[in-house]
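Position 224 of the sequence shown, counting from 1, maps to 224 under full-length UniProt numbering, and the rest follow consecutively.
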Amino acid sequence: MFADDLKAYTIFKNFNNVDSPLQNFINKFYDYCQLNGLKIAIEKCSVLHLGKSNPLIKYSIINSPIKEINSDESVRDLGIHFSNDLKWDKHVTIITNKAMRCSFSIFKSIRSKNPKILISLFNIYVRPILEFSSQVFNPYLDKDIKSIEKIQKDFLRWVFRRNYPFTESPGYQNLLTLFQQESLFHRRIKADLNLFHQHICGQISIKNNNSYSISTLKTRNFQNILPIACTTKPRFHSFFVRTARLYKLLPHYMRNSTPNQFKRLLATFNLSQFIDSLPDHHKRLLDKF
Numbered sequence: 001m002f003a004d005d006l007k008a009y010t011i012f013k014n015f016n017n018v019d020s021p022l023q024n025f026i027n028k029f030y031d032y033c034q035l036n037g038l039k040i041a042i043e044k045c046s047v048l049h050l051g052k053s054n055p056l057i058k059y060s061i062i063n064s065p066i067k068e069i070n071s072d073e074s075v076r077d078l079g080i081h082f083s084n085d086l087k088w089d090k091h092v093t094i095i096t097n098k099a100m101r102c103s104f105s106i107f108k109s110i111r112s113k114n115p116k117i118l119i120s121l122f123n124i125y126v127r128p129i130l131e132f133s134s135q136v137f138n139p140y141l142d143k144d145i146k147s148i149e150k151i152q153k154d155f156l157r158w159v160f161r162r163n164y165p166f167t168e169s170p171g172y173q174n175l176l177t178l179f180q181q182e183s184l185f186h187r188r189i190k191a192d193l194n195l196f197h198q199h200i201c202g203q204i205s206i207k208n209n210n211s212y213s214i215s216t217l218k219t220r221n222f223q224n225i226l227p228i229a230c231t232t233k234p235r236f237h238s239f240f241v242r243t244a245r246l247y248k249l250l251p252h253y254m255r256n257s258t259p260n261q262f263k264r265l266l267a268t269f270n271l272s273q274f275i276d277s278l279p280d281h282h283k284r285l286l287d288k289f
């Protein structure tokens with residue numbers, strides 16, 4: 001439950017018995033609301049079925065069917081748009097369109113040529129649109145990664161052209177260096193690692209659903225992270241699984257640090273050089289920019 005919003009779910013382990021306890025919960029919750037004078041906005045309720053073997057049970061509130069999210073739709077939950085295939089193209093489309101409109105507004109409203117002012121405005125108003133809860137949706141498809149990155153790429157190009165209208169715009173990597181920016185792709189990886197380290201250190205508690213295991217090396221008393229094997233792409237690219245694969249390759253001094261130390265070390269960590277040093281099978285997953 002969050003403020004005036006409530007989420008309920010059930011997991012089907014025995015597909016021979018499709019009697020869902022979720023409908024029983026819905027009925028009891030409706031009775032509770034009636035007893036306490038609370039109104040349920042049925043038109044705002046929705047059902048999201050996940051999994052290929054989902055029995056797709058129909059749910060209702062006082063005989064009124066609850067809207068189901070179809071394959072071409074998404075449902076918004078705390079700012080993230082979820083679809084039943086657990087892909088993020090719909091969410092990426094929504095946030096990139098919003099971020100692009102915000103970028104246009106900045107250039108239309110602000111006449112300054114000062115790169116520091118313009119880029120500060122981008123970092124304050126545009127970048128949070130693209131990075132909010134990125135640990136949840138961090139995309140793995142190239143088209144989604146490039147779609148998000150294009151927002152910053154175009155903005156930096158506009159800043160350059162405003163200052164040097166008669167000079168050909170350099171490539172994206174050179175623009176990042178010139179304006180002291182980091183690719184959004186690398187920033188999302190660092191956000192993943194930072195949250196994962198907080199979880200490992202016990203600073204935050206999140207159910208990881210056995211996405212990884214930890215073994216202690218006897219020689220150095222050092223914890224070794226072992227990601228699980230996955231059979232589906234959504235699971236393979238989910239937060240704990242994808243981040244555990246990379247986290248276990250970080251230098252020991254970083255993994256042995258406190259959460260605050262780790263955050264400071266990560267801020268100056270050269271992720272490009274780190275990715276270049278990885279084995280090819282890891283590099284293929286990360287070498288996007």
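Cβ atoms here follow ideal geometry from the backbone N, Cα and C, with glycine treated the same way.
Since the structure is predicted, the reported quantities are computational estimates derived from the model, not experimental observations.
Output the distance between the C-alpha atoms of residue i and residue j, rounded to the nearest integer angstrom.
{"i": "H49", "j": "I66", "result": "12 Å"}
{"i": "F269", "j": "L35", "result": "56 Å"}
{"i": "I228", "j": "L246", "result": "13 Å"}
{"i": "R235", "j": "V136", "result": "12 Å"}
{"i": "K170", "j": "F25", "result": "The sequence given here has Pro at residue 170, not Lys. So the alpha carbons of these two residues sit roughly 59 Å apart."}
{"i": "V159", "j": "N27", "result": "56 Å"}
{"i": "D72", "j": "K90", "result": "9 Å"}
{"i": "F61", "j": "R76", "result": "First, the amino acid is wrong: residue 61 is Ile here, not Phe. Approximately 20 Å between the Cα atoms of the pair."}
{"i": "I206", "j": "H199", "result": "7 Å"}
{"i": "R127", "j": "A99", "result": "8 Å"}
{"i": "R111", "j": "I40", "result": "48 Å"}
{"i": "A191", "j": "L156", "result": "22 Å"}
{"i": "S277", "j": "F107", "result": "39 Å"}
{"i": "I117", "j": "L178", "result": "15 Å"}
{"i": "L184", "j": "K153", "result": "10 Å"}
{"i": "I124", "j": "S213", "result": "38 Å"}
{"i": "D142", "j": "I275", "result": "17 Å"}
{"i": "T243", "j": "L249", "result": "10 Å"}
{"i": "Y164", "j": "G51", "result": "52 Å"}
{"i": "R162", "j": "S53", "result": "54 Å"}
{"i": "residue 295", "j": "I145", "result": "The structure shown does not extend to residue 295, since the chain is modelled only from 1 through 289, so no value can be given for it."}
{"i": "L193", "j": "K13", "result": "32 Å"}
{"i": "L22", "j": "K58", "result": "10 Å"}
{"i": "T258", "j": "Q180", "result": "27 Å"}
{"i": "N209", "j": "V47", "result": "22 Å"}
{"i": "R255", "j": "R264", "result": "12 Å"}
{"i": "residue 291", "j": "W88", "result": "Summary: the structure shown does not reach residue 291, with the chain confined to residues 1 through 289, and so no result is reported for it."}
{"i": "L176", "j": "N97", "result": "22 Å"}
{"i": "I148", "j": "Y172", "result": "14 Å"}
List the DSSP bridge partners of residue i.
{"i": "I124", "result": "BP columns for I124 are empty, so no partner."}
{"i": "S64", "result": "I61"}
{"i": "N224", "result": "S215"}
{"i": "S46", "result": "K67"}
{"i": "V75", "result": "F82"}
When the distance is taken between beta carbons, is residue j closer than 9 Å to residue i?
{"i": "F82", "j": "I69", "result": "yes"}
{"i": "F122", "j": "S134", "result": "no"}
{"i": "residue 290", "j": "I189", "result": "Examination of residue 290 is not possible in this model, given that the chain is present from 1 through 289 alone."}
{"i": "L56", "j": "F29", "result": "no"}
{"i": "L271", "j": "H186", "result": "yes"}
{"i": "N239", "j": "N84", "result": "Here residue 239 is Phe; the residue named in the question, Asn, does not match the sequence. Contact: no."}
{"i": "Y140", "j": "H252", "result": "no"}
Does residue i come out as helix, strand or coil in the three-state DSSP assignment?
{"i": "D89", "result": "helix"}
{"i": "I148", "result": "helix"}
{"i": "I80", "result": "strand"}
{"i": "S105", "result": "helix"}
{"i": "L141", "result": "coil"}
{"i": "L97", "result": "According to the sequence as given, residue 97 is Asn; it is not Leu. Three-state result, N97: helix."}
{"i": "I11", "result": "coil"}
{"i": "C33", "result": "helix"}
{"i": "H252", "result": "helix"}
{"i": "F132", "result": "coil"}
Does any residue of chain B have a CB that is nearer than 9 Å to the CB of residue i?
{"i": "N270", "result": "Among the chains of the structure shown, chain B does not appear; only one protein chain is present."}
If we require 3 or more residues per run, which beta strand (DSSP E) segments fall completely within the region 171 to 217?
Scanning the region 171 to 217 from its first residue to its last, the whole beta strand (DSSP E) runs of 3-plus residues come out as 212 to 217.
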